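Number of protein chains: 2
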Amino acid sequence: MESDLKNITSFVGQSYGPWSVLSIKTIVGKGLSLSSSMDIVKDISVEKSENTNWVLKGFTSNLRYTNRPEKIVLDQQPSVLGKPENTFAAFIPIKKNAEWWLLTQDERRKIMAENSKHIEIGTKYLSAISRQLFHSRDIGEEFDFLTWFEFSPNNRERFDELIFLLRKTEEWKYVEREVDVRLKKK
Amino acid sequence: MESDLKNITSFVGQSYGPWSVLSIKTIVGKGLSLSSSMDIVKDISVEKSENTNWVLKGFTSNLRYTNRPEKIVLDQQPSVLGKPENTFAAFIPIKKNAEWWLLTQDERRKIMAENSKHIEIGTKYLSAISRQLFHSRDIGEEFDFLTWFEFSPNNRERFDELIFLLRKTEEWKYVEREVDVRLKKK
C-alpha cells in the first residue's frame, strides 16, 4: 500500500537521474556504495531495489536553533535552490553520536552557536551557496541529517572552505558518520 | 508499495481496537469524526479506508526545549506507558498557528517555559500521568502534535486539572486546532 505521508524527500543513488556523481568520499564511519547518478524525488514511496544503490529520506522542518538576530540575517539572503548558474552540488549525509543526542537543547545550542559558530560561519557563505537541511533521525533513517548544497563552478573553492571550517568545530567532534558526495548537473 | 520508514506511529479511529472512545470534544477548530474505538499501531502503512474514521500519524523525537535542570527533574520520574493500573487515557491532537511557527527557537522557548511554565506545570503531574509526545507537522499531517496521556481512574480529576492549567497559558493562544479524545482500556 502506498503511503500518503507528505513532505518526505528521497535522495536516490542509481545509474540515472539529473545529477552526475563526481565523487563519493567517506569522511568518517561507514560509506555509501558507488553510484554514477543521483535523483531527488519528493516521494516517500521510493524503496531500495536492484536498480538503486541507496535511498536516503528526510524532511524539511522549522529552524530548531536559530535565534531572532540570526534569523534576521538569514532572511536577508534567502537560500534559493535550482538557480540555473548553480550547476555544482554537494550532498552530505551526517550522523551524530549518542552523546550529542543526550545533550539538552540549550547544551546543543551552546556547542553549535557559541563554541562552534556554525550559524556565524554559514552566514558568510549565504550569497554564494544555496542549501537545504533535511532531518532523517526522527523517521528512523541511518543518518540523522541530509545536507544539500548548490553552487556555481566559480564557488567550488568557497564551498570547500566552508566545509573545512565546519569540520574543525567542536560540534563536528560529535559526528560519527559523514559521507561527502559531489555532483554536477547533467 | 509498502514504505520502510521506521518510528512512525498511527492512531486509528475505527470500530474496533483496544481502547473504547468515551468522548470526542472539539476544543478549537475542526473536530474529528465520531469513532467508537481506537487502535495505536507502530506502522506507517495504515491508511484511511472505509473501515477507518481517521488515521493520524506522528513520530517521537528528542526533547526540543528542555534544559539540563528541567531534564534532571524529568529523569527522576520517567514516564512509563502501559502500566496496568492506567486504564484511562487522553489523546489530544493539536495544531498551532502560523504565528507560532514564525517565531524563532528562543522565542518559542520563552513563551513555553518562562511565560507559560509548560514544563513546570507538567512536572507536578509526572508521577500521576504518563505521557508521550508525537510530532506530526514535519511529515505534512493535519495536526502538528499528537499528545497521548495514560492515568488511573483515581487520577482523572488530576488530569483535568493539568489540561485546564495548560489551556490557560500564553502558549495556548497559539493553538488553532485541538480535539480532546478520552478513552478507556477494554
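Residue numbers (our numbering), protein chains in the order written: chain A, 1 to 186; chain B, 187 to 372. By construction, the Cβ of each residue, glycine as well, lies at the ideal position given by its N, Cα and C atoms. Here the structure is a predicted model, which means the values were calculated and not measured.
Once DSSP output is grouped into helix, strand and coil, what is the label at residue 255/B? helix
Verify the CB distance criterion: does residue 174/A have a CB-CB separation below 8 Å to chain B? no
The region 113-127 of chain A: which residues have C-beta closer than 8 Å to a C-beta of chain B, in chain order? If you check each beta-carbon in the region 113-127 of chain A against every beta-carbon of chain B, none falls closer than 8 Å.
State the beta-bridge partners of residue 183/A as determined by DSSP. 21/A and 89/A
Residue 267/B and residue 239/B look like a contact to me (Cβ under 8 Å); what is the Cβ gap, rounded to whole Å? That belief does not hold up - the Cβ atoms of residue 267/B and residue 239/B are roughly 23 Å apart, past 8 Å.
With a threshold of 8 Å between beta-carbons, can residue 363/B be considered close to chain A, or not? no
Only counting the same chain, and skipping five residues up and downstream in sequence, which positions put a Cβ closer than 6 Å to that of residue 2/A? Interpretation of residue 2/A is limited by its pLDDT of 42, a score under 50 that renders its predicted location unreliable; the figure taken from the coordinates is listed afterwards. For residue 2/A, where only same-chain residues beyond five positions count, the Cβ hits under 6 Å are 45.
Nonlocal neighbours in the same chain, by C-beta distance under 6 Å from residue 228/B, ignoring five residues either side: Around residue 228/B: 195.
Whole angstroms are fine: how far does the CA of residue 224/B sit from the CA of residue 200/B? 6 Å
Does DSSP classify residue 230/B as helix, strand or coil? coil
For residue 363/B, which three-state DSSP category applies? strand
Could you check whether the Cβ of residue 293/B sits closer than 8 Å to any Cβ belonging to chain D? The structure shown has no chain D; the protein chains it does contain are A and B.
At 4 residues or longer, and completely inside the region 112-144 of chain A: list those alpha helix (DSSP H) runs for me, N to C. Within the region 112-144 of chain A, the complete alpha helix (DSSP H) runs of at least 4 residues are 118-123.
Between the beta-carbon of residue 217/B and the beta-carbon of residue 226/B, is there less than 8 Å? no
By alpha-carbon positions, which one of 182/A, 122/A, 140/A and 6/A ends up nearest to residue 73/A? 122/A
The alpha helix (DSSP H) spanning residue 105/A covers which residue range? 105-109
Starting from the beta carbon of residue 251/B, find every residue of chain A whose beta carbon is closer than 7 Å, and list them in chain order. Per Cβ cutoff of 7 Å: 105.
Nearest neighbour of residue 12/A, chosen from 51/A, 161/A and 144/A [CA to CA]: 51/A
Same chain, Cβ closer than 8 Å to residue 336/B, neighbours up to 5 away in sequence not counted: 267, 268, 269, 272, 274, 275, 315, 316 and 317
Give a yes or no on whether the minimum CB-CB distance between residue 97/A and chain B is below 8 Å. Chain B contact via Cβ: absent.
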